[in-house]
Amino acid sequence: MHLLLLLLSLVMVAPTSADMIPVGGGSYLPQYTLDGKEVEVKPFLIGKYPVTNAEYLEFVRERPEWRRSKAKSLFVETAYLSHWKGDLSFDSAQANSPVINVSWFAARAYCQWRGMRLPTQDEWEFVARASETQLDGTSEPGYQQRILSWYSRPSQDPLPPVGTVFRNVLGVNDIHGLVWEWVDDYNTVIAATGDSRNKGELDRNLYCAAGVNSATSPSDYAAFMRYAFRSSLKGSYTLQNLGFRCAADFPKGGPER
Numbered sequence: 001m002h003l004l005l006l007l008l009s010l011v012m013v014a015p016t017s018a019d020m021i022p023v024g025g026g027s028y029l030p031q032y033t034l035d036g037k038e039v040e041v042k043p044f045l046i047g048k049y050p051v052t053n054a055e056y057l058e059f060v061r062e063r064p065e066w067r068r069s070k071a072k073s074l075f076v077e078t079a080y081l082s083h084w085k086g087d088l089s090f091d092s093a094q095a096n097s098p099v100i101n102v103s104w105f106a107a108r109a110y111c112q113w114r115g116m117r118l119p120t121q122d123e124w125e126f127v128a129r130a131s132e133t134q135l136d137g138t139s140e141p142g143y144q145q146r147i148l149s150w151y152s153r154p155s156q157d158p159l160p161p162v163g164t165v166f167r168n169v170l171g172v173n174d175i176h177g178l179v180w181e182w183v184d185d186y187n188t189v190i191a192a193t194g195d196s197r198n199k200g201e202l203d204r205n206l207y208c209a210a211g212v213n214s215a216t217s218p219s220d221y222a223a224f225m226r227y228a229f230r231s232s233l234k235g236s237y238t239l240q241n242l243g244f245r246c247a248a249d250f251p252k253g254g255p256e257r
C-alpha cells in the first residue's frame, strides 16, 4: 500500500511541458540582423520544461502515424526515436527525460496536437538570455562561458530528467544545459550572407565560421553556435541531443509589460 501511494505521488508531481510560463515580451538585439535594429517580441507562453519521453508516448499512442515504425521517411530520418525500445516503449528511467531523436516535423505535429506550437527563434532567444537572476544575463560574468562549457561536453546517456539542470529567472527550466531545441523558424537566418526572412532563400552551404564577422555581438560565441547549429539542420533530421518544447500565443488581454 505504501509503495502504491509513493508511485502515485511521483506521478502527480512529474514535471510536464504542459506547464506554461508567461513571458511578457519586449525587445532584444538578435545575433544576426540586416539593419542592426532590435526585434520586438510580443507576449507569449513557453513550456516550463522540454517535452519528455512520457509525454511524447501519449502523442504516438493517439497519433499512430508518428510511431517509430510508421512515420514516413519524408518527415523523419531512420534514427527517429531510436533510443526507444519499440513503438510504444522505452526504458522507464527515461520517462521524465527530454524526448530526443525527433524531427522538426514531428515536434511541430506534437505541439499542434497539444493545441500549441513551436517557439519562434526570436521567442526562444529572448528567453535564453535570462540567467537565474536577470532577464538579460548576457553580460553577467561567467554566464556565457557556462553555456559554452555545456556545448563543448558530450551529451549524457541517459539524459537527466527535465527540471534538474538550469532554471532561469522567468521560471523556464533547462533552456540551457540539457538538449538543443527545435524552433519553428530554425532555417530563416543565414549568418554568412544575411537574414532569409528579409532577403529570400540563400545558400546554406555558405554558412561557416566567417559568419561571426557579421554578428551583432561577436563575443557572444554561444549564440553564434546556436545559429550555426540551426543553419545545419533539415526538417527531417533526428539527433540524439536535439529535443523541443512548445509555446503558445498569449490570450487576448495578455500581461502588461
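With our numbering, letter number 48 in the sequence shown gets 48, and the count goes up by one each step, no holes.
Positions of the beta carbon are idealized from the N, C-alpha and C atoms, including for glycine.
Taking 8 Å as the cut-off, the Cβ atoms of residue 160 and residue 97 count as close. Put simply, of 94, 167, 117 the residue whose alpha carbon is nearest the alpha carbon of residue 104 is 117. Collapsing the DSSP output to three states places residue 41 in a strand.
Between residue 101 and residue 239 the beta-carbon gap is near 7 Å, inside 8 Å, which marks them as a contact. For residue 23, the enclosing beta strand (DSSP E) begins and ends at 20-23. Annotation for residue 227: the continuous alpha helix (DSSP H) segment containing it runs 221-231. For a cut-off of 8 Å, the C-beta gap from residue 93 to residue 158 is around 6 Å, short enough to register as a contact. Residue 46 is bridged by DSSP to 21, 247.
Residue 131 is classed as buried because its beta carbon has at least 16 other beta carbons within 10 Å across all chains shown. By the neighbour-count criterion, in which a residue is buried when 16 or more other Cβ atoms sit within 10 angstroms of its Cβ, residue 169 is exposed. Less than 8 Å separates the beta-carbon of residue 59 from that of residue 110. Annotation: the continuous beta strand (DSSP E) that includes residue 28 extends over 26-28. Taking the CA atoms as reference points, residue 45 sits about 5 Å from residue 248. Between residue 183 and residue 50, the gap from beta carbon to beta carbon reaches 8 Å or more. Note on residue 61: under 16 other CB atoms within 10 angstroms of its CB, so exposed under the neighbour-count rule.
By the criterion of a C-beta distance shorter than 6 Å, residue 27 is surrounded in its chain by 38, 40, once the five residues flanking it on both sides are discounted.
Partner residues in the beta bridge of residue 180, as assigned by DSSP, are 242. Residue pairing from DSSP places residue 167 in a beta bridge opposite 173. If you draw a 10 Å sphere on the C-beta of residue 119, you find 16 or more other C-beta atoms in it, and that means buried. Assigned with DSSP and collapsed to three states, residue 89 falls in strand. With respect to the C-alpha of residue 74, the residue from 95, 137, 236 having the closest C-alpha is 236. With contacts defined as CB atoms closer than 8 Å, residue 52 and residue 99 qualify as a contacting pair. Spatial neighbours of residue 107 in its own chain (CB-CB distance under 7 Å, excluding positions within 5 residues in sequence) are listed in chain order as 118, 182, 244. Under the three-state reduction of DSSP, residue 160 is assigned to coil, being neither helix nor strand.
Contact between residue 146 and residue 138 is absent: CB atoms are separated by about 12 Å, not below the 8 Å threshold. Distances from the CA of residue 149 to each of 81, 225, 186 were compared; the closest alpha carbon is that of 225.
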